[in-house]
Amino acid sequence: MKLFFLIAILFCNLCHGCTGIKSDTTPAKYKYKTLIKEDKYKAHTSILKDSIRFFIKEKKFAYYPKENDTLTQIIIDTILYSPKYDKAAFFVITQNSNAKSLNPGNANEYHYDAHCFIANYSDSNNFYNIFWLDQSSLSNYHNLGNTRRDIRDLYFKDFKTRQDGYGNSLYKYNIDDIRFWDGPVWIMYFDK
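Here this note's numbering is used: the first residue of the sequence shown is 82, the next is one more, and so on.
Structure below.
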């Protein structure tokens with residue numbers, strides 16, 4: 082009987098996660114489907130890295146801690162585009178030496194931080210009005226793979242579950258939901 086109970090609990094956690102909420106909260110019919118050519122995606126990755134380098138230099142947005150400097154490695158993990166190709170959301174992972182931490186560690190070991198940004202986009206390969214979605218970020222991860230997985234989970238599975246003080250969804254949609262592109266995030270950041 083105990084074995085059956087244990088198996089039932091494990092099965093429930095695998096299917097629904099620890100919170101009891103199905104882990105993939107974006108319905109299949111609303112899943113992100115916008116495609117872009119690989120060469121254009123690579124060019125955009127380079128453009129966005131340059132934007133993040135500028136933010137690091139200017140200590141803007143998520144890059145105010147002094148550990149972020151010219152030695153910070155920048156990884157553009159994922160770029161998503163709106164169906165009209167006029168907006169974008171992207172994940173940035175930075176790698177810094179543990180020697181630059183508040184409690185300095187081994188200079189040959191690294192930690193990773195991850196953030197999500199949104200921007201307007203024009204056909205001329207121009208990203209503008211870039212904003213940091215500062216509600217959920219990751220800090221001091223020791224494994225790049227876990228950092229990638231967890232930042233995606235935060236925004237693909239949990240973003241719409243963020244609530245205001247009254248229990249209402251702040252963002253209404255995860256960023257892998259095609260309805261996200263006309264959702265409340267854009268009003269919050271661009272229609273101030």
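Where a beta carbon is used, it is the ideal one built from N, C-alpha and C, also for glycine.
Please give me, in chain order, every unbroken run of the beta strand (DSSP E) with length at least 3 that falls completely inside the region 175-238. 191-203, 207-222
Going by other Cβ atoms of all chains shown within 10 Å of its Cβ, with 16 needed for buried, is Ala170 buried or exposed? buried
Going by other Cβ atoms of all chains shown within 10 Å of its Cβ, with 16 needed for buried, is Arg230 buried or exposed? exposed
Would you report the Cα separation of Asn187 and Pro108, rounded to the nearest angstrom? 44 Å
For Thr115, name the three-state secondary structure that DSSP assigns. coil
Can you give me the C-alpha to C-alpha distance between Asn221 and Lys112, rounded to a whole angstrom? 30 Å
Is the beta carbon of Asp257 less than 8 Å from the beta carbon of Leu251? no
Sub-8 Å separation of Ile155 and Ile128 beta-carbons: no
DSSP three-state label for Ser250, please. strand
Tell me whether Thr153 sits in a helix, a strand or coil according to DSSP, three-state version. coil
Ile174 and Asp158 closer than 8 Å at C-beta: yes
Arg260 versus Asp120 - alpha carbon distance: 27 Å
Tell me, which residues are paired with Tyr162 by DSSP? Ala169
What residues are listed by DSSP as bridge partners for Asp258? Lys112
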